[in-house]
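As given, the protein sequences belong to chains A and B, one line each in that order.
Using the working numbering, the first residue of the first sequence is number 4, and each one after it goes up by one.
Using the working numbering, the first residue of the second sequence is number 61, and each one after it goes up by one.
Notes follow once the structure below has been shown.
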Amino acid sequence: MLKIGVLGLQGAIEEHIRSIEATGAEGIIIKKKEQLDEVDGLILPGGESTTMRRLIDQYDFFEALVSFGERGKPIFGTCAGLILLANDIVGQDDAHLKLMNMKVQRNAFGRQKDSFEAKLDIKGVAEQFEAVFIRAPYIAEVGNDVEVLATYNDSIVAAKQGSLLCSSFHPELTDDHRLTAYFVNMVEQSKQEVVS
Amino acid sequence: MSNLGTDRVKRGMAEMQKGGVIMDVVNAEQAKIAEDAGAVAVMALERVPSDIRAAGGVARMADPTIVEEVMNAVSIPVMAKARIGHIVEARVLEAMGVDYIDESEVLTPADEEYHLLKNEYTVPFVCGCRNIGEAARRIGEGASMLRTKGEPGTGNIVEAVRHMREVQTQIRQLVHMSKDEVMTFARDHGAPYEVLLDIKERGRLPVVNFAAGGVATPADAALMMQLGADGVFVGSGIFKSDNPANFAKSIVEATTHYQDYELIGKVSKGMGTAMKGLEIGTIAPEQRMQDRGW
């Protein structure tokens, strides 16, 4: 069975596990970096990106996560996870894992009272997807190698670069598991490529 | 087309805080210390609960200047407290763009009969509870997040433990009950029937439940996580200790790794002195904050 990890430092962890399991794969909460060797793909969940980054540094996860991504193992970042993946963050001198060639804007739609739900078409994944945006970031700029999968009011809210996937919204908060299933499929393909 | 302030958006905001620590702060400087220590949110207040207790008198919503100062200082979410039933304080905080409102017994209630009808607001609310009846009533009114009441400002974990255990025990009772017993359970606990059915079906509360009211050390925070809390509020515990930055960091670590006793031991070493704390029995009944609201 495919094993998909969810970085378990802080945030909506169990919701992602539920969503992974709904697609038929096995979900594993990753609390120690050694556990990364056990999984075929990884989800960086929503939460507070500054908090997660602190805990990533504290538990020496940083290099392990970068290397996981650089080895071509699939990673899916949602909301705070998207921020962690980006090369560049508007208004900040430094970014986090710098795996995806894009610039992100934090809290781009405003504060919590501006948080919203909307139906989105996600290219090659789903039409009329129920997307929940919570103090969400958006992607301000992407490099040539990044494919835009969805926009909301002309802002980029989902993208893919090789084995890396990200969304500004929270697919784990609804019963619509199509985006998670899409990621699980990416993991499956990447695993087959390694075998062959 | 987009929808603001839906249940999913409001409850989801609290889901993102899970496994984290929310810290009481009274100015921008404390807010930055909290953010640097890894807090997932801060609660902007005029005074921390232990100072409110010591000062006596009527405790109200913080001066908006303080709330604004904190909002400008950090990028993590900012919460603020409104008095129980104080519609205008809540609306003012909402208008200011506060990310979460705590309808809190730490402040002097504005209404001894009615809590706010929270589902009419776009901003989400967190409320205190001591048992499943109180939890279900608050959910019925539209609270998107719960926390134990504990006994705020005491640095004594005993009441938070009592409240968390009570809620967990009653959820287990409800889950194992046959469906025809639920209405009587609703009557006995003064709890809305539909909310109880929802809890029964999910096997858990439909919203996140944090621990609050008396957390003073990393071990206290980890204890509450073990008892089933989704995260921890620390009020007076951090900025009333003699080394706030250290305390804040250690409490965050203990919350993340609440079953790693070696680590909790390590972060508790030479941390400085915790806040002094109060024995609950020495608090006059009318001074008990947990009895405010119903």
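Using N, Cα and C, we set each Cβ at its ideal position, and we do this for glycine too.
Strictly below 9 Å CB to CB, what residues from chain B border residue i?
| i | result |
| --- | --- |
| Ser70/A | Correct list: empty, because the minimum Cβ distance to chain B is about 22 Å. |
| Ile20/A | Chain B residues near Ile20/A: none, gap ~12 Å exceeds 9 Å. |
| Val135/A | Thr66, Arg68, Val69 and Gly72 |
| Gly49/A | Gly72, Glu75 and Met76 |
Kindly indicate which residue of the options has the alpha-carbon position closest to the one of residue i.
| i | options | result |
| --- | --- | --- |
| Gly116/B | Glu346/B, Ala203/B, Trp354/B and Gly353/B | Glu346/B |
| Ala83/A | Ala184/A, Leu39/A, Ser158/A and Val107/A | Val107/A |
| Met285/B | Phe299/B, Glu261/B, Lys78/B and Arg71/B | Lys78/B |
| Thr154/A | Ile125/A, Ala15/A, Met4/A and Tyr62/A | Ile125/A |
| Val198/A | Asp43/A, Ile31/A and His19/A | Asp43/A |
| Pro137/B | Ile161/B, Ala155/B, His146/B and Val148/B | Ile161/B |
| Ile399/B | Glu154/B, Val152/B, Ala88/B and Lys92/B | Residue 399/B falls outside the range modelled here, since chain B spans only 61 to 354, and no answer is possible. |
| Ile32/A | Ile20/A, Glu175/A and Arg56/A | Ile20/A |
| Thr177/A | Met103/A, Gly27/A, Asp96/A and Glu120/A | Glu120/A |
| Val359/B | Thr66/B, Glu211/B and Leu287/B | Examination of residue 359/B is not possible in this model, given that chain B is present from 61 through 354 alone. |
| Glu37/A | Met55/A, Ala162/A, Phe64/A and Glu196/A | Phe64/A |
| Ser204/B | Asp67/B, Asp84/B and Asp123/B | Asp67/B |
| Leu287/B | Arg207/B, Ile259/B, Arg352/B and Arg348/B | Arg207/B |
| Gly49/A | Thr315/B, Ala74/B, Val118/B and Leu257/B | Ala74/B |
| Leu64/B | Gln195/A, Glu196/A and Ala134/A | Ala134/A |
| Leu152/A | Glu17/A, Ala129/A and Pro174/A | Ala129/A |
| Ile93/B | Phe172/A, Gly27/A, Glu150/A and Thr54/A | Thr54/A |
Please report the Cβ distance between residue i and residue j, rounded to the nearest whole angstrom; I am assuming they are in contact, meaning their Cβ atoms lie under 8 Å.
| i | j | result |
| --- | --- | --- |
| Lys209/B | Gly188/B | 4 Å |
| Arg120/B | Val86/B | Wrong, their Cβ atoms sit about 14 Å apart, outside the cutoff. |
| Phe132/A | Leu123/A | 5 Å |
| Gln13/A | Gly80/B | 5 Å |
| Leu87/A | Ser52/A | 6 Å |
| Ala271/B | Met224/B | 6 Å |
| Ile137/A | Ser118/A | 5 Å |
| Ile82/B | Ala104/B | Not quite, the Cβ-Cβ distance comes to about 11 Å (not below 8 Å), so this is no contact. |
| Met139/B | Ala101/B | 6 Å |
| Gly146/A | Met105/A | 7 Å |
| Gly297/B | Ala276/B | 4 Å |
| Tyr318/B | Ala282/B | 4 Å |
| Leu39/A | Gly11/A | Between Gly11/A and Leu39/A the Cβ distance is about 11 Å, and since that is not below 8 Å, they are no contact. |
| Gln5/A | Glu24/A | According to the sequence shown, residue 5/A is Leu rather than Gln. About 11 Å; that fails the 8 Å criterion. |
Kindly identify the DSSP beta-bridge partner or partners of residue i.
| i | result |
| --- | --- |
| Arg207/B | Gly188/B and Phe270/B |
| Phe293/B | Ile82/B |
| Ala89/A | Met103/A |
| Ile31/A | Gly8/A |
| Tyr155/A | Ser158/A |
| Ile218/A | Any answer about residue 218/A is impossible in this case: the structure gives chain A only from 4 up to 199. |
| Gln319/B | Gln319/B is not bridged to any residue. |
| Gln164/A | Leu167/A |
| Tyr141/A | Gln108/A |
| Asp162/B | Lys141/B and Val186/B |
| Asn63/B | Glu120/A |
| Arg71/A | Checking the displayed sequence, the identity of residue 71/A turns out to be Phe instead of Arg. Answer is none; Phe71/A lacks a bridge partner. |
| Met103/B | Asp84/B and Met139/B |
| Ala276/B | Paired residue(s): none; Ala276/B is not in a bridge. |
| Ile132/A | This sequence places Phe at residue 132/A; Ile is not what is there. In the DSSP output, where bridge partners are listed per residue, Phe132/A has Leu123/A. |
| Gln150/A | The question names Gln, yet the displayed sequence has Glu at residue 150/A. In the DSSP output, where bridge partners are listed per residue, Glu150/A has Lys163/A. |
Under 7 Å between beta-carbons, which chain B residues line up against residue i? List them in chain order, please.
| i | result |
| --- | --- |
| Asn104/A | Here the premise fails: no neighbours, minimum Cβ distance about 23 Å. |
| His173/A | Gly72 |
Please compile the residues from chain A whose C-beta is within a distance smaller than 8 Å of the C-beta of residue i.
| i | result |
| --- | --- |
| Thr390/B | Absent from the model: residue 390/B. The displayed extent of chain B is 61 to 354, so no value can be given. |
| Asp159/B | Arg114, Gln115, Lys116 and Arg138 |
Is the closest heavy atom of the ligand MN to the C-beta of residue i under 7 Å?
| i | result |
| --- | --- |
| Phe293/B | Looking for the ligand MN in the displayed structure turns up nothing, as the structure carries no ligands at all. |
In chain A, which residues lie with their C-beta within 7 Å of the C-beta of residue i?
| i | result |
| --- | --- |
| Asn179/B | Result: empty, since nearest Cβ-Cβ is about 14 Å, beyond 7 Å. |
| Thr316/B | Leu12, Gln13 and Leu58 |
| Glu154/B | Lys116 |
Which residues in chain B have a C-beta closer than 8 Å to the C-beta of residue i? List them in chain order.
| i | result |
| --- | --- |
| Leu176/A | Arg68, Gly72 and Glu75 |
| Ile16/A | Lys78 and Gly79 |
| Asn110/A | Ser135 |
| Thr154/A | Those do not exist, as Thr154/A stays about 13 Å from chain B at its closest Cβ, beyond 8 Å. |
| Thr53/A | Glu95, Gly98, Ser135 and Ile136 |
Interface residues of chain A around residue i at Cβ under 9 Å?
| i | result |
| --- | --- |
| Asn63/B | Phe119, Glu120 and Ala121 |
Any beta carbon of chain C sitting closer than 8 Å to that of residue i?
| i | result |
| --- | --- |
| Gly11/A | Protein chains in the displayed structure are A and B, and chain C is not among them. |
- Item | Any 3 or more C-beta pairs closer than 8 Å across the region 333 to 341 of chain B and the region 126 to 135 of chain B | no
- So does the region 165 to 181 of chain A actually touch the region 71 to 88 of chain A, counting three or more Cβ pairs closer than 8 Å? yes
- Query: Do three or more CB pairs link the region 241 to 249 of chain B to the region 173 to 191 of chain A at distances below 8 Å?
  - Reply: no
- Query: Are there three or more Cβ pairs, one per stretch, closer than 8 Å when the region 167 to 181 of chain B is compared with the region 217 to 236 of chain B?
  - Reply: no
- Does the pairing of the region 303 to 321 of chain B with the region 214 to 225 of chain B give three or more beta-carbon distances under 8 Å? no
- Kindly confirm or deny that the region 314 to 327 of chain B and the region 139 to 151 of chain B touch, where touching means at least three C-beta pairs closer than 8 Å. no
- Given 8 Å, three or more beta-carbon pairs between the region 248 to 265 of chain B and the region 177 to 184 of chain A: no
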